[in-house]
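Residue numbers (the numbering used here): 349 to 808. The C-beta atom is built at its ideal place from N, Cα and C for all residues, glycine as well. Being a predicted model, the structure only gives us computed values, none of them experimental.
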Ligand SMILES: Cc1cc2nc3c(=O)[nH]c(=O)nc-3n(C[C@H](O)[C@H](O)[C@H](O)COP(=O)(O)OP(=O)(O)OC[C@H]3O[C@@H](n4cnc5c(N)ncnc54)[C@H](O)[C@@H]3O)c2cc1C
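So this is what it looks like as structure tokens:
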């Protein structure tokens, strides 16, 4: 029988990163995966969606070309080629992870892992003995319990990434970041899109001012938004699907050729045998402490399966923390500075608290904002929609939150994340030389706004 220091079940960004980190720390590691390495992120999540987002970006840039003095002629999209490119990118990155497994001498077992005891795992009839076990089995699409889910044309986020034809119209149920990303991708490619959201606004977790500004842009791009609409059914009516909900004035609905269920995700633990082991659960999520330990000695859980912040970078971070604890080091996970990025046009990215959260917590805080219209690099790019908003502690200037709507917001937010991680102040950012002309200057300008006032922007 094979014997390992650590066995990890699930080869997504939680599991494969944990495996590599454990190998770097000198452990004998096995990774068990029932499907393709890379998990949801590489195969059905972050990467394929961002490949589509980048095709859309090229399209939007091409449409602006004339303004830049570039004459391109007739611009056409080819959905099959866009999807084929997405497939090639996924394959390339999955094979990169496979290479990394080999390079780090990690034994990869293909099949469903079942836990016989904290120190014994079975995969495809083979048993692996281990000192420590890490569960990284991820999540699956959560579907609303409504009639009509079985109708052809009702898609999960997995299904929509496999389409061969661009739908003529699409109803997206769910206005969180995944729904909004798909809505903006398909709308830019020519699909008529409606977003239906139960809550009073889209992107509920984003800073209110930024999500409001973003939502205001959607109708101008041809995306219809229905908020406060708790969908109760999907019906087939002739050639289309009708998504319906109740209002005080009676039933309302919208129609589309296809319907995307972007209604969140649930932890996935099927087949592991957790209840027999007595692993403590909260609904479908595995309960862990800040060391990523479960209630059972020598069993850890990381990533989406813990049902908390379902993001790839959090999953990988937890993988590293769990491995260190499993190998006798001591590290606690901290979630004060978790970046959240939305890959729309422009992008939205946040870290830390929103203005509303600061207000609700009765903190003494100060807000500064710097509009992209005043950022010279954004002007040269022809992309001036957006802003950097900074929330700092009014007493000591420490950065409490940063919220950005801008091109490359997902890259810019790294400065805010590092600032929060180091307990940096607005002055620390303002006194740091930022290259000119660049987008990060907008971050420094927002920091200047906390202190003396932004140099290149004056409110009249
Ligand atoms: C459409 C979409 C877009 C997204 N975009 C982003 C984004 O831009 N940025 C971001 O940070 N996050 C994004 N996410 C979320 C991100 O994909 C997840 O947070 C991340 O994949 C979680 O990693 P994980 O390793 O915990 O789980 P997963 O990636 O789900 O991996 C779990 C793995 O475990 C395997 N497995 C399960 N059970 C067993 C078993 N018993 N035996 C063997 N193997 C098993 C599964 O096959 C899977 O490969 C997106 C998600 C979706 C759906």
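Item, Value
"At least 3 beta-carbon pairs within less than 8 Å: the stretch 508-524 vs the stretch 605-617", "yes"
"Nearest to residue 403 (by Cα), restricted to the options 432, 364, 528", "432"
"Status (buried if at least 16 other CB within 10 Å, exposed otherwise) for residue 615", "buried"
"Where residue 794 falls, given that 16 or more other Cβ within 10 Å makes a residue buried", "buried"
"Test item: CB-CB of residue 680 and residue 700 under 9 Å", "no"
"Whether residue 379 touches residue 449 by CB criterion (9 Å)", "yes"
"Whether residue 806 touches residue 745 by CB criterion (9 Å)", "no"
"Reduced DSSP category for residue 549 - H, G, I as helix; E, B as strand; rest coil", "coil"
"Coil, strand or helix - residue 718 by DSSP", "strand"
"Start-to-end residues for the alpha helix (DSSP H) that takes in residue 561", "556-565"
"Of the listed residues 686, 767, 688, nearest to residue 740 (C-alpha basis)", "767"
"Any non-hydrogen atom of ligand 1 within 8 Å of residue 368 CB", "no"
"Helix, strand or coil at residue 737 [DSSP, three-state]", "strand"
"Buried or exposed (CB count within 10 angstroms, at least 16 for buried), residue 457", "buried"
"Span separating the alpha-carbon of residue 786 from that of residue 763", "13 Å"
"Test item: CB-CB of residue 602 and residue 544 under 9 Å", "yes"
"Cβ shell of residue 731 (< 6 Å), same chain only, five flanking positions each side left out", "755"
"Length of the line joining the Cα atoms of residue 426 and residue 658", "32 Å"
"Which of helix, strand or coil DSSP assigns to residue 661", "helix"
"Alpha helix (DSSP H) runs wholly inside the stretch 598-669, at least 4 long, in chain order", "622-625"
"Cβ-Cβ distance between residue 304 and residue 670 below 9 Å", "There is no way to answer for residue 304, as the model of the chain reaches only from 349 to 808."
"Cβ-Cβ separation, residue 496 to residue 366 (assumed contact under 8 Å), whole Å", "Not confirmed; about 39 Å, so no contact."
"4-residue-minimum alpha helix (DSSP H) runs that sit fully inside the stretch 349-428, ordered along the chain", "363-372, 387-392, 394-412"
"Residue 659 Cβ short of 8 Å to ligand 1 heavy atom set", "yes"
"Residue of 566, 524, 534 minimising C-alpha distance to residue 547", "524"
"Distance cut-off 8 Å: residue 620 Cβ against heavy atoms of ligand 1", "yes"
"Beta-carbon proximity check, residue 559 vs residue 549, cutoff 9 Å", "yes"
"Residue 525 - DSSP class collapsed to helix/strand/coil", "helix"
"Short Cβ contact (9 Å threshold) for residue 351 with residue 451", "no"
"Contiguous beta strand (DSSP E) assignments of at least 3 residues, all confined to the stretch 741-769", "747-754"
"Any non-hydrogen atom of ligand 1 closer than 8 Å to residue 383 Cβ", "yes"
"Under the three-state DSSP convention, the category residue 518 falls into", "strand"
"Residue 586 beta carbon near ligand 1 (any heavy atom closer than 8 Å)", "no"
"Beta-carbon contacts of residue 407 that lie in its chain and below 8 Å, excluding the five residues immediately before and after", "423, 425, 536, 537"
"Cβ-heavy atom distance, residue 679 to ligand 1, below 8 Å", "no"
"DSSP state of residue 724 mapped onto helix, strand, coil", "helix"
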